[in-house]
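Novice: One structure, as structure tokens, below. Some questions next.
The following block contains the structure:
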């Protein structure tokens, strides 16, 4: 009954936020497509050695017209300076893979 008598109702809810919009723009502007790299929840990218991380970045740089989205759990690690690589700690993988 109180809801019927109020002029405004404010709802604080994440469901109203469209998280994939940022990713939609990335997919739309990628020259030759997007590759998503994630090792799931059991293997963490942050725990791989520096040599392996560097090898991945060099491999990604060999394909400058492809955008690589890498699920990397610690955004404060600044090891990747490749312009075609996006590091992010959380990815809407189901939405991305349905593209």
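Residue numbers (the UniProt record's numbering): 1 to 99. Beta carbons are placed, not taken as given, at the ideal position from N, Cα and C, and that holds for glycine.
Could you pull out every unbroken beta strand (DSSP E) segment of at least 3 residues lying fully inside the region 13-60, listed in chain order?
Specialist: With a minimum length of 3 residues, the continuous beta strand (DSSP E) runs that stay inside the region 13-60 are 34-37.
Novice: By the three-class DSSP mapping on this structure, what secondary structure does residue 87 have?
Specialist: Note: residue 87 maps to strand in three-state DSSP.
Novice: Give me the residue from 63, 64, 70 with the minimum Cα distance to residue 53.
Specialist: Comparing Cα positions, the closest option is 70.
Novice: Quick one: give me the first and last residue of the alpha helix (DSSP H) that residue 65 is part of.
Specialist: Unbroken run through residue 65: none, as it is neither H nor E.
Novice: So the candidates are 5, 4, 6, 24; which of them puts its Cα closest to the Cα of residue 92?
Specialist: Taking only the C-alpha atoms, the option nearest residue 92 is 24.
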